[in-house]
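Report on the structure given below.
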Amino acid sequence: MPAPVYTQTGNDSLLSRMAQIRKMPLDTAQINMLRKLGSAITESDSSLSKQLLHEALAKSLKVGETNTITDCYRILGVWHSSFDLKDSALLYYRLSLQSARSNGNLYLVAGAQFNIGNIYYWKGMYDSCIHYYQAAAQVFEDPEILKDKSISERQIDRRKSDLYGNMSSVFNSLKNLSKADEHIDKAIAISKKYDSPAAADALAFYMQSKADNYRANGFPEKALRTRLQFLPQMREGQNAKIYLQQSYQNISQEYFALGITDSAQLFAEKSLQLATNIQVPAAIAIAIANLQPGRIAMDRKEYKLATGYLSKSRDYFENASDPLEQQSYYDVMRQLSFQTGNYKEAYEYFEKYKSVNDSLLLSEKTKEFAEREMRYETEKKENQIQLQHSQIKQKNILNYLLIGSSVALAIILLLTYRNYKNRQQLHQQQIHELETEKQLSSTQYLLKLQEDKRSRLAKDLHDGLGGLLSGVKLQLGAMKGNLILSAENAIAFDRALNKLDESIGEMRRVAHNMMPEALIKLGLRQAVQDYCDGLLHNQSFLINFEMHGLEERMDSSVEIVLYRIVQELLNNAVKHSNASSILVQMMGQNDGQITITVEDNGKGFDLDKIDPMRSAGIRNIESRVNYLNGAMNIKSSSGKGTSVYIECKAKFL
Numbered sequence: 001m002p003a004p005v006y007t008q009t010g011n012d013s014l015l016s017r018m019a020q021i022r023k024m025p026l027d028t029a030q031i032n033m034l035r036k037l038g039s040a041i042t043e044s045d046s047s048l049s050k051q052l053l054h055e056a057l058a059k060s061l062k063v064g065e066t067n068t069i070t071d072c073y074r075i076l077g078v079w080h081s082s083f084d085l086k087d088s089a090l091l092y093y094r095l096s097l098q099s100a101r102s103n104g105n106l107y108l109v110a111g112a113q114f115n116i117g118n119i120y121y122w123k124g125m126y127d128s129c130i131h132y133y134q135a136a137a138q139v140f141e142d143p144e145i146l147k148d149k150s151i152s153e154r155q156i157d158r159r160k161s162d163l164y165g166n167m168s169s170v171f172n173s174l175k176n177l178s179k180a181d182e183h184i185d186k187a188i189a190i191s192k193k194y195d196s197p198a199a200a201d202a203l204a205f206y207m208q209s210k211a212d213n214y215r216a217n218g219f220p221e222k223a224l225r226t227r228l229q230f231l232p233q234m235r236e237g238q239n240a241k242i243y244l245q246q247s248y249q250n251i252s253q254e255y256f257a258l259g260i261t262d263s264a265q266l267f268a269e270k271s272l273q274l275a276t277n278i279q280v281p282a283a284i285a286i287a288i289a290n291l292q293p294g295r296i297a298m299d300r301k302e303y304k305l306a307t308g309y310l311s312k313s314r315d316y317f318e319n320a321s322d323p324l325e326q327q328s329y330y331d332v333m334r335q336l337s338f339q340t341g342n343y344k345e346a347y348e349y350f351e352k353y354k355s356v357n358d359s360l361l362l363s364e365k366t367k368e369f370a371e372r373e374m375r376y377e378t379e380k381k382e383n384q385i386q387l388q389h390s391q392i393k394q395k396n397i398l399n400y401l402l403i404g405s406s407v408a409l410a411i412i413l414l415l416t417y418r419n420y421k422n423r424q425q426l427h428q429q430q431i432h433e434l435e436t437e438k439q440l441s442s443t444q445y446l447l448k449l450q451e452d453k454r455s456r457l458a459k460d461l462h463d464g465l466g467g468l469l470s471g472v473k474l475q476l477g478a479m480k481g482n483l484i485l486s487a488e489n490a491i492a493f494d495r496a497l498n499k500l501d502e503s504i505g506e507m508r509r510v511a512h513n514m515m516p517e518a519l520i521k522l523g524l525r526q527a528v529q530d531y532c533d534g535l536l537h538n539q540s541f542l543i544n545f546e547m548h549g550l551e552e553r554m555d556s557s558v559e560i561v562l563y564r565i566v567q568e569l570l571n572n573a574v575k576h577s578n579a580s581s582i583l584v585q586m587m588g589q590n591d592g593q594i595t596i597t598v599e600d601n602g603k604g605f606d607l608d609k610i611d612p613m614r615s616a617g618i619r620n621i622e623s624r625v626n627y628l629n630g631a632m633n634i635k636s637s638s639g640k641g642t643s644v645y646i647e648c649k650a651k652f653l
């Protein structure tokens with residue numbers, strides 16, 4: 001690559017700018033200035049550009065701001081990609097993906113996956129390309145990505161439309177027209193959402209791509225219909241003349257392929273006329289436009305006219321950088337020379353056609369070998385990077401968790417042993433209960449067994465594990481006074497003690513919910529009232545609890561069942577209804593029956609869409625209602641809250 005040439009003034013200005021940036025404090029502002037300057041001089045001084053970008057990366061790693069690190073990796077990927085260094089670009093894009101994932105930035109994750117997919121697309125490795133494109137699409141479509149207010153929905157849509165357009169191209173290359181059509185339609189739908197010249201240009205491009213897919217897969221009728229359908233949209237946008245000229249050219253080709261030469265000639269003339277008015281790049285547009293009128297004239301055996309059209313394209317196609325364009329031109333000229341009887345010239349054009357074709361075949365073979373070598377080198381570098389990250393991660397984990405892992409292991413072993421012994425005891429007791437309680441129905445037995453388990457577990461949690469954790473806390477507190485800790489380690493130690501306090505409190509709350517003492521000592525009214533008060537703690541909803549006619553104590557098994565019914569109904573309302581007010585009524589009737597009503601003003605649900613057999617909560621409530629020989633009725637609809645009414649028979653009270 002030739003060395004850059006600067007005027008003395010320009011060179012001095014660049015060096016002065018670099019010096020000013022390097023005097024700035026080491027922060028993200030300085031890093032961004034280095035990155036922008038490096039990107040700006042990529043074409044004028046690639047060597048200095050690369051140096052500045054690596055300097056920005058090194059500083060970002062030192063600062064540790066992950067979004068900045070991610071962007072530095074991305075820009076280095078863009079730099080290498082611009083010089084066709086795809087292997088190195090792939091490496092930096094993968095590093096940007098790892099950095100984005102570590103920070104949880106979904107937009108940067110999707111962007112990195114998109115960039116990796118592009119590299120594989122340019123290499124013709126379509127399986128890998130589709131894998132990363134689909135991964136990027138999944139992230140772009142995740143509603144969580146919109147929670148980042150620094151990224152607008154329009155920015156996300158623009159990247160999504162680009163992604164879907166590329167995915168359509170990949171599937172078209174794989175001859176999967178249905179998938180290609182599906183994704184180009186997504187890109188078109190997104191572009192239609194916005195009213196701007198840029199969106200109009202994107203829409204025109206995707207519409208042409210949709211028709212191109214039909215043509216490439218051998219459906220000229222569909223291609224023609226699509227181009228005619230979208231022709232009005234080609235007159236809008238910043239580059240309307242270019243897209244309109246291309247549309248006329250393509251429509252002419254579709255008519256010509258279908259043998260409708262009059263219409264083909266009409267649109268070819270429109271394309272040629274418009275091409276003369278396009279300033280960028282006029283010569284190429286005119287040359288390509290002249291090729292189609294030449295084909296049509298040759299098909300009509302108007303050889304003189306065909307020669308006139310094609311001669312205007314000769315200079316461009318003889319020096320074209322695209323071998324496929326040259327091949328197409330040589331093939332047309334070969335046919336024209338042969339049909340006019342100039343066999344020598346026809347042979348010369350055939351040799352040129354054959355030479356270009358051989359070069360294309362050789363290029364494909366070379367590309368195939370290069371891809372194999374690239375895959376090997378890429379896998380090798382990926383393994384090296386993964387090994388480095390693993391070593392760093394292991395070192396950090398070892399520094400922070402060496403002592404903690406030993407304590408955790410001891411606790412796990414102790415809890416595992418206690419759990420095993422408890423399960424053995426429970427199993428033996430279940431066998432004993434089955435032998436002594438043969439007269440109970442299956443429903444009655446299972447409910448009693450559940451409550452026994454709750455009671456035992458609550459006692460074990462409160463007296464056993466609670467005492468153990470409290471003892472651990474006292475021991476750790478005593479240890480703190482005997483240890484010499486740095487300020488940082490002392491803070492971490494205190495934080496661990498606070499977490500232990502929270503764990504003890506949570507354990508006691510769980511034990512209380514399993515078997516509240518108020519139910520046993522004070523009865524059903526106080527137990528339900530305590531439970532309602534507990535739910536109201538730090539909550540925005542209200543619970544109105546009423547009980548009438550149930551002042552006398554009942555059999556403990558009945559009180560437990562009634563308590564569990566109310567508990568389950570309240571849990572469902574709190575978790576799922578989003579209600580601001582919940583009503584709980586328990587009433588004893590003169591005939592000895594009990595009714596329970598739980599109502600909320602929440603979002604409700606559609607009863608027809610809920611399968612009760614699949615809801616564990618509803619099944620638990622029904623089993624307890626059946627135990628009391630009762631009946632349950634649920635009324636609910638979307639947006640109108642939920643009402644549950646239960647009636648229990650007197651003979652169980």
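Each residue of the sequence shown is one higher than the last, beginning at 1 in full-length UniProt numbering. Just so you know, even glycine gets a beta-carbon here, dropped at the ideal spot from N, CA and C. Everything numeric in this text was worked out from a predicted model, so none of it was measured.
Discussion item. At the level of alpha carbons, what is the spacing between K36 and I69?
Written reply: 14 Å
Worksheet item: If you drop the 5 nearest sequence neighbours on each side, which residues of the same chain put their C-beta closer than 6 Å to that of M547?
Response: R525, M586
Fill in: Endpoints, alpha helix (DSSP H) assigned at L106
106-122
Fill in: M234, buried or exposed, once every other Cβ within 10 Å from all chains shown has been counted against 16
buried
Practice prompt. Can you tell me which of the three DSSP states Y343 falls into?
Written response: helix
Item to complete: Enumerate in chain order the residues of its own chain whose CB-to-CB distance from K241 is below 8 Å, with the five nearest sequence positions on each side excluded.
Response: L274, N277, I278
Practice prompt. Please determine, among S540, N590, L536, the residue with the shortest C-alpha to C-alpha distance to E551.
Written response: N590
Discussion item. Residues in the same chain with beta-carbon distance under 7 Å from G630, minus the five sequence neighbours each way, listed in chain order, please.
Written reply: I646, E647, C648, K649
Discussion item. In this structure, how does DSSP classify T416 when only helix, strand and coil are distinguished?
Written reply: helix
Worksheet item: Going by beta carbon distance, what residues of the same chain come within less than 7 Å of Q439, once the five residues before and after it are set aside?
Response: Annotation note: pLDDT 42 at Q439 (below 50); position unreliable, no value reported.
Item to complete: Could you check if D24 is buried or exposed, using at least 16 other CB atoms within 10 Å of its CB as the buried criterion?
Response: With the sequence shown as reference, residue 24 is identified as Met, and Asp is not the correct amino acid for it. It is exposed - the Cβ of M24 has fewer than 16 other Cβ atoms within 10 Å.
Worksheet item: In the DSSP assignment, what are the bridge partners of I596?
Response: M586, I646
Discussion item. So, does the stretch 132-147 touch the stretch 158-177, judging by three or more C-beta pairs under 8 Å?
Written reply: yes
Worksheet item: Between K304 and E141, what straight-line distance do the alpha-carbon atoms span, to the nearest angstrom?
Response: 57 Å
Item to complete: Give a yes or no on whether the C-beta atoms belonging to V566 and L583 are separated by under 9 Å.
Response: no
Worksheet item: Of the choices Q98, H80, F338, whose alpha-carbon is the least far from that of S49?
Response: H80
Worksheet item: Would you call T9 buried or exposed, if buried means 16 or more other Cβ atoms sit within 10 Å of its Cβ?
Response: Low per-residue confidence applies at T9: pLDDT is 48, beneath 50, and the placement is therefore not dependable enough to give any value.
Worksheet item: Curious, which full-length alpha helix (DSSP H) runs of at least 4 residues does the stretch 315-340 contain?
Response: 323-339
Worksheet entry | Beta-carbon spacing of P220, L258 below 9 Å | yes
Fill in: Cβ neighbour criterion (16 or more within 10 Å) applied to N105
buried
Item to complete: Count the other C-beta atoms from every protein chain shown that fall within 10 angstroms of the C-beta of V356, then say buried if there are 16 or more, exposed otherwise.
Response: buried
Item to complete: Can you grab the Cα-Cα spacing for the pair I119 / D127, in whole Å?
Response: 12 Å
Discussion item. Quick check: S638 and D600, are their CB atoms within less than 9 Å of each other?
Written reply: no
Practice prompt. To the nearest angstrom, report how far apart G464 and V644 are at their CA atoms.
Written response: Low local confidence applies: a pLDDT of 49 at G464 is under 50, so the model's placement there is unreliable, with the coordinate-based value given in what follows. The alpha-carbon atoms of G464 and V644 are separated by roughly 38 Å.
Practice prompt. Kindly give me the distance between the Cβ atoms of Y255 and L224, rounded to whole angstroms, as I take these residues to be in contact under 8 Å.
Written response: 7 Å
Worksheet item: Taking the DSSP output, what are the residues bridged to L305?
Response: DSSP, once it has assigned bridges, lists no residue as partnering L305.
Discussion item. List, from N- to C-terminal side, the alpha helix (DSSP H) runs of 4 residues or more that fit wholly inside the stretch 25-87.
Written reply: 28-40, 46-63, 66-82
Worksheet item: From I403 to L409, what distance separates their C-alpha atoms?
Response: 10 Å
Item to complete: Confirm, please, whether the CB-CB distance from Q51 to G38 is below 9 Å.
Response: yes
Worksheet item: Hey, quick one: how far does the beta strand (DSSP E) through K635 stretch, first residue to last?
Response: 631-636
Worksheet item: Would you call residue 656 buried or exposed, if buried means 16 or more other Cβ atoms sit within 10 Å of its Cβ?
Response: There is no way to answer for residue 656, as the model of the chain reaches only from 1 to 653.
Worksheet item: Is L76 closer than 9 Å to L57 when the C-beta atoms are compared?
Response: yes
Discussion item. By the three-class DSSP mapping on this structure, what secondary structure does S311 have?
Written reply: helix
Discussion item. Assuming contact is defined by CB atoms lying nearer than 9 Å, are G111 and R154 in contact in what I supplied?
Written reply: no
Worksheet item: What residue range is occupied by the uninterrupted beta strand (DSSP E) comprising residue 716?
Response: Residue 716 is absent from the structure shown; the chain starts at 1 and stops at 653.
Discussion item. On the criterion of 16 or more Cβ atoms from any shown chain inside 10 Å, does L570 qualify as buried, or is it exposed?
Written reply: buried
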